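Heads up: the structure comes next, in structure tokens.
There are 2 protein chains.
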Amino acid sequence: MSSRDDLRLASGPGAEVTSRLGYLLKHAQLQLGELTSAALAPYGLSGRELAVLLSLAGGEPASQQEAAQRLGVDRTTMVALLDALEAKGLVTRHPHAGDRRRNVVELTPAGQQTMRAATEASDDAERRFLAPLTGQAAGQLRAALQLLVTP
Amino acid sequence: MSSRDDLRLASGPGAEVTSRLGYLLKHAQLQLGELTSAALAPYGLSGRELAVLLSLAGGEPASQQEAAQRLGVDRTTMVALLDALEAKGLVTRHPHAGDRRRNVVELTPAGQQTMRAATEASDDAERRFLAPLTGQAAGQLRAALQLLVTP
DNA sequence: TATTGTTATACTCTATAACTATA
DNA sequence: TATAGTTATAGAGTATAACAATA
């Protein structure tokens, strides 16, 4: 079932569920995810793959482990994500000079270009998702989530 | 990896990812989910199962299909959820009098009692999750999510 | 023909355990 | 011994397709 077919007025039957925070967070994520997936499709990227590119672009060149930590996924999960991005020519893996256990992961020029274009598309999806809110309310939402997620 | 091991200051490396709305929603949901799971464990319920109980308790007795729609899951997903709740003695299924294709699903007395206690535990988990926010900010967060999720 | 519940199946995301190569 | 990357595997959660019973 798509995440849009199931929504109803908060005063109807089941309002006890649909007003709970867990429900709201889950369905907000589902809806944003649908918009983002559609927006990124022309670039052949998933939202998770764009997140990997962004985590690699910010700061120092990173090992796979560091990239995984930045994103909040397991290092075993990062392997498959990087396999896909490497196959698309968007990232490269090289052994670290001083510690050959590590792979230094970097964006290729194509990866940087794709990341920039895909980020704009993703930003646009965010804007459309947040359209029901005033600019102030959208800013407060983001700030509140930052506070909750950042320890 | 747990969802708490990966968090860092928003100004550090990877800030481009960790300040995106999709990341914030995902990790907010993960953190609340952990708190909720722990809070519900003494009742032998998952968050999804409590959601099913709540969706059944609100309004008229529902068919499985209606329960699935209230919750926003597929009717095939609802089958397994109800199997588990029925095995625990928390819900019953009876053929609908006027339309025997349908199962009327209702909470047993044990189901109602468990639902009430588990809801209190879940509410407490929500309060702890929202503790970093002022009461006003928490209310605004909930209202904003309602607006985004309700069409 | 259409709908409800069900089953079988598959796909995504994720983590744990164990392997390897390096340190 | 410990760590980084990898592989195999398993477990949620989810949906699609097809079936039986019923409308």
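Going down the list, the sequences are from chains A and B. If you're matching positions, the first sequence starts at 1 in our numbering and goes up one per residue. If you're matching positions, the second sequence starts at 152 in our numbering and goes up one per residue. All C-beta atoms, glycine included, are put in the ideal place defined by N, C-alpha and C. Since this is a predicted model, take the numbers as computed values, not measurements.
At a Cβ-Cβ threshold of 7 Å, R226 (chain B) and S206 (chain B) do not count as neighbours. The region 38-73 of chain A contains no complete beta strand (DSSP E) run of 3 or more residues.
When the Cα atoms are used, L186 (chain B) and A235 (chain B) turn out to be separated by approximately 22 Å.
Among the residues facing chain A, S214 (chain B) is not included, as its CB has no counterpart in that chain under 7 Å away.
T108 (chain A) and G89 (chain A) do touch by the CB rule: their CB atoms are close to 6 Å apart, below 8 Å. With a threshold of 16 other beta carbon atoms within 10 Å, G111 (chain A) meets it and is buried. Contact between V168 (chain B) and A51 (chain A) is confirmed by a C-beta separation of about 5 Å, below the 8 Å threshold.
In the DSSP assignment, T77 (chain A) falls within the unbroken alpha helix (DSSP H) covering 75-87. Bridge partners of L107 (chain A) according to DSSP: A:V91. A direct Cα-Cα distance of roughly 36 Å separates E126 (chain A) from S214 (chain B).
For S170 (chain B), the three-state secondary structure derived from DSSP is coil.
CA-CA distance, L196 (chain B) to A97 (chain A), rounds to 51 Å.
In this structure, V149 (chain A) lies near A179 (chain B), with their beta-carbon atoms less than 7 Å apart. By the rule that beta-carbons nearer than 7 Å mark a contact, E16 (chain A) touches chain B. Counting the other CB atoms within 10 Å of its CB gives R101 (chain A) a total below 16, which places it among the exposed residues. Assigned with DSSP and collapsed to three states, R127 (chain A) falls in helix. Taking L32 (chain A) as the centre and dropping the five residues before and after it, the same chain places the C-beta of F129 closer than 6 Å to its C-beta, in chain order.
By the criterion of a C-beta distance shorter than 8 Å, G47 (chain A) is surrounded in its chain by G33, T36, S37, L40, S122, once the five residues flanking it on both sides are discounted.
The beta carbon of S55 (chain A) falls within 7 Å of a beta carbon belonging to chain B, placing the residue at that interface.
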